[in-house]
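Novice:
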Amino acid sequence: MLQAPIRIYEDARKRSIQGKDSRLPHGMSREPESDRSRVDEGAPQLQPPRALLVADAGEEDANGIYHASASSSSSSSCCGAPVYRHQERAEYQVRRDEQTNPRSGKKKHGWLLSGPGGPLYGVPTASHSVPEVGWRAFSAPEQNAPSVKACQLLAEAFILVSDASQKSGNEAFQQQDWARAQAEFTAGLEALACSGERFGEAFEGRAAQLFAGRARASCHLRQFRAALRDSVAALEICPCDASAKAAAIDAAICLGCDGEADALELLQVAGSGEILDRCAPLSLKAVERWVEEVAHVAEARAAFRSAPPEPIRDGGTEADFEAASQFQGARRGFAFRTGDQGLGYYRDVVSGASAEADSTKPEQQSPVEMAGIKALEDGEVTPLYHRCFTAWVGFPRATELESNMLQHEWTLWLGKQLSPLNWRLMAKRKGVDVTAAPDAFAGEEPFHAERGPLSPRSQQRWAVERLAAAFE
1 MLQAPIRIYE DARKRSIQGK DSRLPHGMSR EPESDRSRVD EGAPQLQPPR ALLVADAGEE
61 DANGIYHASA SSSSSSSCCG APVYRHQERA EYQVRRDEQT NPRSGKKKHG WLLSGPGGPL
121 YGVPTASHSV PEVGWRAFSA PEQNAPSVKA CQLLAEAFIL VSDASQKSGN EAFQQQDWAR
181 AQAEFTAGLE ALACSGERFG EAFEGRAAQL FAGRARASCH LRQFRAALRD SVAALEICPC
241 DASAKAAAID AAICLGCDGE ADALELLQVA GSGEILDRCA PLSLKAVERW VEEVAHVAEA
301 RAAFRSAPPE PIRDGGTEAD FEAASQFQGA RRGFAFRTGD QGLGYYRDVV SGASAEADST
361 KPEQQSPVEM AGIKALEDGE VTPLYHRCFT AWVGFPRATE LESNMLQHEW TLWLGKQLSP
421 LNWRLMAKRK GVDVTAAPDA FAGEEPFHAE RGPLSPRSQQ RWAVERLAAA FE
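The sequence shown lines up with residues 1 to 472 when you count with UniProt numbering.
#1: Across which residues does DSSP place residue 334 in a beta bridge pair?
#2: Around the Cβ of residue 182, are there at least 16 other Cβ atoms within 10 angstroms (buried) or fewer (exposed)?
#3: Taking 7 Å as the limit between beta carbons, can you name the residues of its chain near residue 108, skipping five residues before and five after?
#4: Quick check: what's the CA-CA separation for residue 112 versus residue 225?
#5: Roughly how many angstroms separate the alpha carbons of residue 59 and residue 249, rounded to a whole number?
#6: With distance defined between alpha-carbon atoms, name the residue in 233, 246 and 228 nearest to residue 255.
#7: Among 172, 146, 168 and 401, which has the Cα closest to the Cα of residue 188?
#8: Which of helix, strand or coil does DSSP assign to residue 212?
#9: Are residue 544 and residue 423 closer than 9 Å when you measure CB to CB?
#10: Kindly confirm or deny that the region 161–177 and the region 203–218 touch, where touching means at least three C-beta pairs closer than 8 Å.
#11: Is DSSP giving residue 119 helix, strand or coil here?
#12: Could you name the residues of the same chain whose beta carbon sits closer than 7 Å to that of residue 284, not counting the 5 residues immediately before and after it, in chain order?
#13: Can you grab the Cα-Cα spacing for the pair residue 345 / residue 324, in whole Å?
#14: Just to confirm my understanding: we take residue 172, look at its own chain, exclude 5 residues before and 5 after, and list those with CB closer than 7 Å. What are they?
#15: Once you ignore the five residues that flank residue 63 on each side, which residues in its own chain have a CB closer than 8 Å to its CB?
#16: Give every residue of the same chain whose Cβ lies closer than 6 Å to the Cβ of residue 315, excluding the five residues on either side of it in the sequence, and list them in chain order.
#17: To the nearest angstrom, how far is the alpha carbon of residue 202 from that of residue 190?
#18: By the 10 Å Cβ neighbour count, where 16 or more other Cβ atoms means buried, how is residue 137 classified, buried or exposed?
#19: Let's test the definition: count the other Cβ atoms within 10 Å of the Cβ of residue 461 and tell me whether it reaches 16, buried, or not, exposed.
#20: Using the C-alpha atoms, what's the distance from residue 94 back to residue 48?
#21: DSSP on residue 455, reduced to helix/strand/coil?
#22: Just to confirm the assignment, what range does the alpha helix (DSSP H) spanning residue 167 have?
#23: Is residue 224 helix, strand or coil by DSSP?
#24: Secondary structure at residue 135, three-state DSSP: helix, strand or coil?
#25: Is the beta carbon of residue 470 within less than 8 Å of some heavy atom of the ligand SAM?
#26: For residue 133, does the count of other Cβ atoms within 10 angstroms reach 16, so buried, or fall short, so exposed?
#27: What residues in its chain sit with their C-beta under 6 Å from that of residue 400, if we drop five residues either side in the sequence?
#28: Verify whether the separation of the beta carbon atoms of residue 404 and residue 381 is less than 9 Å.
#29: When you compare only the Cα positions, how much space is there between residue 465 and residue 408?
#30: Under a Cβ-count criterion, where at least 16 other Cβ atoms within 10 Å of its own Cβ denotes burial, should residue 384 be classed as buried or exposed?
#31: Would you call residue 340 buried or exposed, if buried means 16 or more other Cβ atoms sit within 10 Å of its Cβ?
#32: Just to confirm my understanding: we take residue 103, look at its own chain, exclude 5 residues before and 5 after, and list those with CB closer than 8 Å. What are they?
#33: Is the distance from the Cβ of residue 457 to the Cβ of residue 416 below 9 Å?
#34: Using beta-carbon positions only, say whether residue 287 and residue 276 come within less than 9 Å of one another.
#35: In the DSSP output, which residue or residues are listed as bridge partners for residue 342?
#36: Going straight from the alpha carbon of residue 280 to that of residue 334, what length do you get?
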């Protein structure tokens, strides 16, 4: 039986929704007309862009970011469109303009980019949206008409500025204009900071590339501490960045490291996420403090290598030197280093800690006894002992001790003033092994072999205790 043709489409819609008849005119929605009209009336309208990015203008001051005014005054809108003001120079504005023909009374609309002296550029259009191209010069130089990019969010405009600065920095780097490249990468980082972004793969990629680019430019300008700071920040954000790692190694070598292996030993912590504050990844205060410590250690290493070798007394070279292919633990009166006879244990003639001194001389004393310092007794450390210990260990920047302090408190207080890596390096220079866990902790639950090595705080305390024992 043939069905009657559908004449009332609203009835056909109801029957289709109920499943009685699937026929429905092509392109017609199953939603009732009354509901669809109500949704259209309540739908949010497209908001005007919150920011504009003006570039390539003949007048340099006109370039930059323009933001829409958030106030409700008459000066914040013109002809039904918002007024955009320059982010840094409020006298530059982009606004919609209306002109009336005095003869015919016909109105024409357009957009103007104005400066302190009046309109600079304009484009005739009836659109309420800012056009990106088609701008013409009024009083500004005609050779460069501006291009305008509308952004729904102010952060988008800052990100576009950051990307443009990174591109300019790469071009300057290829032209070997190191100063301009460094300035462009710095401007990109400042724009990225103004965007308010802190997390996400896109942000981390931009930040790492800007830091790495500025580090490479700083290396060519021989600003090695700044290069090490930026490259370490890039590695903290993106540990797999090869250019940042190469810049960090070059900077560390120029600061005093002896080759790539020595630099890698200093930089083994970089990229672990323990240096940079991830809640404020563009703030470099924590990285600068770490770089100061590393630079101090690198300079101390360079001074140690450039110093003349310690003389070996005549007679008994076997007693003054013992060859060893690797470090085999601390030995009283000897230092593990490379000298005239190769790698091994050399007598530490400076400290005078050898027990096999010449029989005609009185028995040599320890540094503590030679300085007249009372050794650690009754669990207390004196300010004099603290000053002599920090001078002996090579840590003159340590905080001064004002009064006596219990030994366990002193080890914790002094230990946290340097990272575990730097304590290990100081101990290595003194021939003290701090890699093994203390015997008192062996087998205990917090430091069981299956649970991994000591915590950073315990490593610092253990290093101070071992160095204090060697000092005495």
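The C-beta atom is built at its ideal place from N, Cα and C for all residues, glycine as well. Note that the coordinates shown come from a computational prediction; the quantities given were computed from them, not determined experimentally.
Specialist: The answer reads as follows:
#1: The residue given as residue 334 occupies position 334 in the sequence shown. Checking the DSSP bridge columns, you'll see residue 334 partnered with 347.
#2: In the sequence shown, the residue the question calls residue 182 occupies position 182. Buried.
#3: Along the sequence shown, read from residue 1 onward, the residue named residue 108 stands at position 108. Result list for residue 108: 99 and 124, in chain order.
#4: Mapped onto the sequence shown, residue 112 falls at position 112. Mapped onto the sequence shown, residue 225 falls at position 225. When rounded, the distance between both Cα atoms is 47 Å.
#5: Working through the sequence shown from its first residue, we reach residue 59 at position 59. Working through the sequence shown from its first residue, we reach residue 249 at position 249. When rounded, the separation of the alpha-carbon atoms in residue 59 and residue 249 is 43 Å.
#6: As a working note, residue 255 is residue 255 in the sequence shown. The option with the nearest alpha carbon to residue 255 is 228.
#7: Reading the sequence shown from its first residue, position 188 is the one you call residue 188. Closest option to residue 188, Cα to Cα, is 168.
#8: Translated into positions along the sequence shown, residue 212 becomes position 212. Residue 212: helix per DSSP, three-state reduction.
#9: The displayed coordinates of the chain run from 1 to 472. Any statement about residue 544 would go beyond what the structure contains.
#10: yes
#11: By one-based count along the sequence shown, residue 119 stands at place 119. Of the three classes helix, strand and coil, the one that applies to residue 119 here is strand, per DSSP.
#12: Start at 1 with the first residue of the sequence shown, and residue 284 comes out as number 284. Excluding positions up to five away in sequence, the list reads 229 and 233.
#13: On the sequence shown, position 345 is the one that residue 345 refers to. On the sequence shown, position 324 is the one that residue 324 refers to. Going from the Cα of residue 345 to the Cα of residue 324 covers about 7 Å.
#14: Translated into the one-based positions of the sequence shown, residue 172 becomes position 172. Closer than 7 Å at the Cβ level, and outside the excluded window around residue 172, lie 180, 181 and 184.
#15: Within the sequence shown, residue 63 is the residue found at index 63, counting from 1. Within the same chain, residue 63 has close Cβ partners 54, 55, 56, 57 and 146.
#16: Counted from its first residue, the sequence shown places residue 315 at position 315. Any answer about residue 315 is weak, because its pLDDT of 40 lies below 50 and its placement is not dependable; what the coordinates show is given next. Closer than 6 Å at Cβ, skipping near neighbours: no residue.
#17: Within the sequence shown, residue 202 is the residue found at index 202, counting from 1. Within the sequence shown, residue 190 is the residue found at index 190, counting from 1. So the two alpha carbons sit approximately 16 Å from each other.
#18: The sequence position of residue 137 within the sequence shown is 137, counting from 1. When all chains shown are included, residue 137 counts as buried.
#19: Translated into positions along the sequence shown, residue 461 becomes position 461. Answer is buried; the Cβ neighbour count reaches 16.
#20: Position 48 of the sequence shown, counted from the start, is the residue given in the question as residue 48. Position 94 of the sequence shown, counted from the start, is the residue given in the question as residue 94. Each residue's alpha carbon lies about 13 Å from the other.
#21: Numbered from its first residue, the sequence shown carries residue 455 at position 455. In the structure shown, residue 455 sits in coil (DSSP, three-state: anything other than H, G, I, E or B).
#22: In the sequence shown, residue 167 corresponds to position 167, counting from 1. Its alpha helix (DSSP H) spans residues 154–174.
#23: Indexing the sequence shown from 1 puts residue 224 at position 224. Helix at residue 224.
#24: As a working mapping, residue 135 is identified with position 135 in the sequence shown. Correct three-state label for residue 135: coil.
#25: The ligand SAM is absent from the structure shown, which contains no ligand whatsoever.
#26: As a working mapping, residue 133 is identified with position 133 in the sequence shown. Only exposed fits residue 133, as fewer than 16 other CB atoms lie within 10 angstroms of its CB.
#27: As a working mapping, residue 400 is identified with position 400 in the sequence shown. Here the set comprises nothing.
#28: Along the sequence shown, one-based indexing puts residue 404 at 404. Along the sequence shown, one-based indexing puts residue 381 at 381. Yes.
#29: Within the sequence shown, numbered from 1, the residue matching residue 465 stands at position 465. Within the sequence shown, numbered from 1, the residue matching residue 408 stands at position 408. When rounded, the distance between both Cα atoms is 9 Å.
#30: The count along the sequence shown starts at 1 and reaches residue 384 at position 384. Counting Cβ neighbours within 10 Å, residue 384 comes out exposed, since fewer than 16 surround it.
#31: Along the sequence shown, one-based indexing puts residue 340 at 340. The residue is exposed, with fewer than 16 neighbouring Cβ atoms inside 10 Å.
#32: Residue numbering aside, residue 103 sits at position 103 when the sequence shown is read from its first letter. Nothing meets the Cβ criterion.
#33: Reading the sequence shown from its first residue, position 457 is the one you call residue 457. Reading the sequence shown from its first residue, position 416 is the one you call residue 416. Taking 9 Å as the Cβ cut-off, residue 457 and residue 416 qualify as a contacting pair.
#34: On the sequence shown, residue 287 is found 287 positions in, with the first residue counted as 1. On the sequence shown, residue 276 is found 276 positions in, with the first residue counted as 1. Going by C-beta atoms, residue 287 is nearer than 9 Å to residue 276.
#35: Within the sequence shown, numbered from 1, the residue matching residue 342 stands at position 342. For residue 342, which the question treats as bridged, DSSP gives the partners 339.
#36: For the purposes of this step, residue 280 is identified with residue 280 of the sequence shown, where counting begins at 1. For the purposes of this step, residue 334 is identified with residue 334 of the sequence shown, where counting begins at 1. Taking the straight line joining both Cα atoms gives about 46 Å.
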